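Sequence lines, in order, name chains V and D.
According to the numbering used here, the first sequence holds residues 10 to 265 in order.
According to the numbering used here, the second sequence holds residues 10 to 265 in order.
There are 2 protein chains.
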Amino acid sequence: MKAKLTVIKVGGKIVEEETSLQKLLNDFAAIDGPKVLVHGGGRSATKMASQLGIESKMVNGRRITDADMLRVVTMVYGGLVNKNIVAGLQARGINAVGLTGADMNVILSDIRPVKDIDYGFVGDVKQVDGERLATLIQSGIIPVMAPLTHDGKGNILNTNADTIAGETAKGLAPYFDVTLIYCFEKKGVLSDEADDNSVIANINRQQFTELVEQGVIQGGMIPKLENAFQAIDAGVKEVIITAANAIDGRQGTKIR
Amino acid sequence: MKAKLTVIKVGGKIVEEETSLQKLLNDFAAIDGPKVLVHGGGRSATKMASQLGIESKMVNGRRITDADMLRVVTMVYGGLVNKNIVAGLQARGINAVGLTGADMNVILSDIRPVKDIDYGFVGDVKQVDGERLATLIQSGIIPVMAPLTHDGKGNILNTNADTIAGETAKGLAPYFDVTLIYCFEKKGVLSDEADDNSVIANINRQQFTELVEQGVIQGGMIPKLENAFQAIDAGVKEVIITAANAIDGRQGTKIR
Chain V
10 MKAKLTVIKV GGKIVEEETS LQKLLNDFAA IDGPKVLVHG GGRSATKMAS QLGIESKMVN
70 GRRITDADML RVVTMVYGGL VNKNIVAGLQ ARGINAVGLT GADMNVILSD IRPVKDIDYG
130 FVGDVKQVDG ERLATLIQSG IIPVMAPLTH DGKGNILNTN ADTIAGETAK GLAPYFDVTL
190 IYCFEKKGVL SDEADDNSVI ANINRQQFTE LVEQGVIQGG MIPKLENAFQ AIDAGVKEVI
250 ITAANAIDGR QGTKIR
Chain D
10 MKAKLTVIKV GGKIVEEETS LQKLLNDFAA IDGPKVLVHG GGRSATKMAS QLGIESKMVN
70 GRRITDADML RVVTMVYGGL VNKNIVAGLQ ARGINAVGLT GADMNVILSD IRPVKDIDYG
130 FVGDVKQVDG ERLATLIQSG IIPVMAPLTH DGKGNILNTN ADTIAGETAK GLAPYFDVTL
190 IYCFEKKGVL SDEADDNSVI ANINRQQFTE LVEQGVIQGG MIPKLENAFQ AIDAGVKEVI
250 ITAANAIDGR QGTKIR
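Pasting the structure below:
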């Protein structure tokens, strides 16, 4: 029987404000067993870029990452946000290590091909070294992953944190019973957008298809759930979509 | 018999200019056996601080690190400089991992006590987890260490890169035959300050004491050599002070 492991992805806002960060670190420290934290940092990157006179350009919610912006996200995600989380976890007795995909070559990406849009130094994940990560975790280390990968040719690449979390969960699935928890601003997948408490407790692929056809699930939730089902198909045991203040996974929407 | 390990400390300038960085990475990749790279980044931090309107204050060559400056060095050392080196080494087939002292709790520091000067968030190294580092290195990983440590209470601390290198070398001495190489702007310890080629090939403590008394060795070289002898006393096999373009340790001044 494989040991249970929890991969938690938290968005930018929660790790960028001191109060919510401290609560997150407490909550994360309280989770039993091996675990991985994947963080964003987009707001901090945008703010830092602005202070440096660099304009943030977003297309379809994704950041255009030219050479100047790459320097900013490398600093902010890989340095500022990541190292503060690691130090905060160490203070709570959690032996964390901050990783980008370049570190120990844990996540290798391809630079995104230019079609209609040139996203610049943005990576699409090609390969996760699940064995290396599993060995590290089994030695008592808790990875804290920044949304950065590398191309194996010397370039750091900006990479979506949801994708990092999903691919990491998949990469670890041969070694652990993985629960993947996506935290976001809502309490879960809602049956009524206007009612924050209308959380759908469980959802399978058939129900998902039906709910999309009925127009109940729409917009940005569709790719989130597609990713979730893809993770399940790749061996992840359970995916939970929940609020950032509920990372224990007891609430929210369970996808199996 | 213990395996040989090389700890190389390179200063700011060499890792901050693209051409010299590429040469350094080639040279570092070419070194046989397990190795550790410790880097600075002071010039980049000063430049970034200046771009953000933060003034750099130095006292006795050490940076005063207030909360704003701590953010800058955390970003620049832990993110920008460190991750670019790691990605560059991965491109050369070296399985590097970027570490601050907070990562895996490898270097714990005390915040420097305020005497005449309040250095702010500056750490004096208290403890190196040599066993953790040795295990990592024995698994084929090459640590790339940023000049940052932590206090175990959630704070990242700015820490002198020479000190990081020395303490890391000492911490690894029980597990490896460690050669510690300090790279700087001269070819080694000079017998004539005016003659760049007057490198003293070998020096022991008695010779050092004599050369200091004779006024041959003076200024900033004295603490550098004090550190070197301290490392030797703590079990490091050999310390070499050499130029940044000679990191193979075949030139420069050998301290035994």
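Cβ atoms here follow ideal geometry from the backbone N, Cα and C, with glycine treated the same way.
Note that the structure is a prediction, hence the values are computed from the model and not measured.
DSSP state of residue i mapped onto helix, strand, coil
| i | result |
| --- | --- |
| Val95 (chain D) | helix |
| Leu166 (chain D) | strand |
| Asn211 (chain D) | strand |
| Leu33 (chain V) | helix |
| Gln216 (chain V) | helix |
| Met10 (chain V) | coil |
| Ala203 (chain V) | coil |
| Lys66 (chain D) | coil |
| Ala105 (chain V) | strand |
| Val24 (chain D) | helix |
| Asp160 (chain V) | coil |
| Lys179 (chain D) | helix |
| Val131 (chain D) | strand |
| Val45 (chain V) | strand |
| Val19 (chain V) | strand |
| Ile73 (chain D) | coil |
| Ile116 (chain D) | strand |
Nearest candidate by alpha-carbon position, reference residue i, set the options
| i | options | result |
| --- | --- | --- |
| Ile150 (chain D) | D:Pro232, D:Glu222, D:Ala38 and D:Val198 | D:Ala38 |
| Leu61 (chain V) | V:Val45, V:Arg80, V:Lys44 and V:Val47 | V:Arg80 |
| Ile209 (chain V) | V:Thr15, V:Asp119, V:Glu27 and V:Lys263 | V:Lys263 |
| Lys18 (chain D) | D:Pro156, D:Thr144, D:Gln215 and D:Ala143 | D:Pro156 |
| Phe185 (chain V) | V:Arg214, V:Ala143 and V:Ile173 | V:Ala143 |
| Leu14 (chain V) | V:Phe193, V:Leu220, V:Pro183 and V:Met67 | V:Pro183 |
| Gly42 (chain V) | V:Ser29, V:Met84, V:Asn104 and V:Asn69 | V:Asn104 |
| Gly198 (chain D) | D:Lys233, D:Ile165 and D:Thr168 | Per the sequence presented here, residue 198 (chain D) reads as Val, with Gly not at that position. The residue with the shortest Cα to Cα distance from Val198 (chain D) is D:Lys233. |
| Ile120 (chain V) | V:Ser148, V:Met154, V:Gln99 and V:Thr158 | V:Thr158 |
| Leu189 (chain V) | V:Ser59, V:Asp205 and V:Gly244 | V:Gly244 |
| Ala187 (chain V) | V:Arg265, V:Ser148, V:Asp127 and V:Asn206 | According to the sequence as given, residue 187 (chain V) is Val; it is not Ala. Minimum Cα distance to Val187 (chain V) is reached at V:Arg265. |
| Met78 (chain V) | V:Gly129, V:Asp160, V:Lys44 and V:Ile40 | V:Gly129 |
| Arg71 (chain D) | D:Thr83, D:Gly132, D:Leu30 and D:Leu33 | D:Gly132 |
| Ile226 (chain V) | V:Arg101, V:Ser207 and V:Ala240 | V:Ser207 |
| Leu98 (chain V) | V:Asn35, V:Asp204, V:Val16 and V:Gly258 | V:Asn35 |
| Asp242 (chain D) | D:Leu30, D:Gln147 and D:Arg214 | D:Arg214 |
| Ala252 (chain D) | D:Gly107, D:Lys246, D:Asp205 and D:Ile231 | D:Asp205 |
| Cys192 (chain D) | D:Glu64, D:Ile73, D:Lys66 and D:Ala255 | D:Ala255 |
Extent of the continuous alpha helix (DSSP H) to which residue i belongs
| i | result |
| --- | --- |
| Leu145 (chain D) | Gly139 to Gln147 |
| Thr83 (chain V) | Ala76 to Met84 |
| Lys56 (chain D) | Gly51 to Gln60 |
| Asp242 (chain D) | Met230 to Asp242 |
Expected contact under 8 Å - CB spacing of residue i and residue j to nearest Å
| i | j | result |
| --- | --- | --- |
| Gly281 (chain V) | Asn236 (chain V) | This structure cannot speak to residue 281 (chain V), because chain V is shown only from 10 to 265. |
| Ala96 (chain D) | Ala76 (chain V) | Actually they are not in contact, since the Cβ atoms of Ala96 (chain D) and Ala76 (chain V) sit about 14 Å apart, beyond 8 Å. |
| His48 (chain D) | Asn91 (chain D) | 7 Å |
| Gly163 (chain D) | Gly87 (chain V) | Not quite, the Cβ-Cβ distance comes to about 19 Å (not below 8 Å), so this is no contact. |
| Leu46 (chain D) | Ile116 (chain D) | Contact flag wrong, Cβ pair sits at about 15 Å. |
| Lys179 (chain D) | Val137 (chain D) | 7 Å |
| Val85 (chain V) | Ser118 (chain V) | At roughly 19 Å, the Cβ-Cβ gap does not stay under 8 Å, so Val85 (chain V) and Ser118 (chain V) are not in contact. |
Terminal residues of the beta strand (DSSP E) in which residue i lies
| i | result |
| --- | --- |
| Ile247 (chain V) | A small correction: the amino acid at residue 247 (chain V) is Glu; Ile does not occupy that position in the sequence shown. From DSSP, the beta strand (DSSP E) with Glu247 (chain V) extends over Glu247 to Ala252. |
| Pro122 (chain V) | Segment: none, Pro122 (chain V) is in no beta strand (DSSP E) and carries neither H nor E. |
| Val90 (chain D) | It is not in any beta strand (DSSP E) - Val90 (chain D) carries neither H nor E in the DSSP assignment. |
| Ile151 (chain V) | Ile151 to Met154 |
| Asp186 (chain D) | Phe185 to Phe193 |
| Lys263 (chain V) | Thr262 to Ile264 |
**Item:** Members of the region 107-135 of chain D that neighbour chain V once the beta carbon cut-off is set at 8 Å
**Value:** Within the region 107-135 of chain D, the residues whose Cβ lies closer than 8 Å to some Cβ of chain V are Gly107, Leu108, Thr109, Ala111, Asp112, Met113 and Asn114, listed in chain order.
**Request:** Select from the region 178-198 of chain D all residues with a C-beta closer than 9 Å to any C-beta belonging to chain V, and list them in chain order.
**Result:** Within the region 178-198 of chain D, no residue qualifies.
**Request:** Could you please tell me which residues of the region 35-66 of chain D, in chain order, have their CB closer than 7 Å to any CB of chain V?
**Result:** Cβ contacts with chain V: Gln60 and Leu61.
**Item:** Positions along the region 213-235 of chain V whose CB lies within less than 8 Å of some CB in chain D
**Value:** Within the region 213-235 of chain V, no residue has a Cβ that lies closer than 8 Å to any Cβ of chain D.
**Item:** Cβ-based contacts, 8 Å cut-off: residues of the region 75-97 of chain V near chain D
**Value:** The residues in question are Arg80, Thr83, Met84, Val85, Tyr86, Gly87, Gly88, Leu89, Asn91, Lys92, Asn93, Val95, Ala96 and Gly97.
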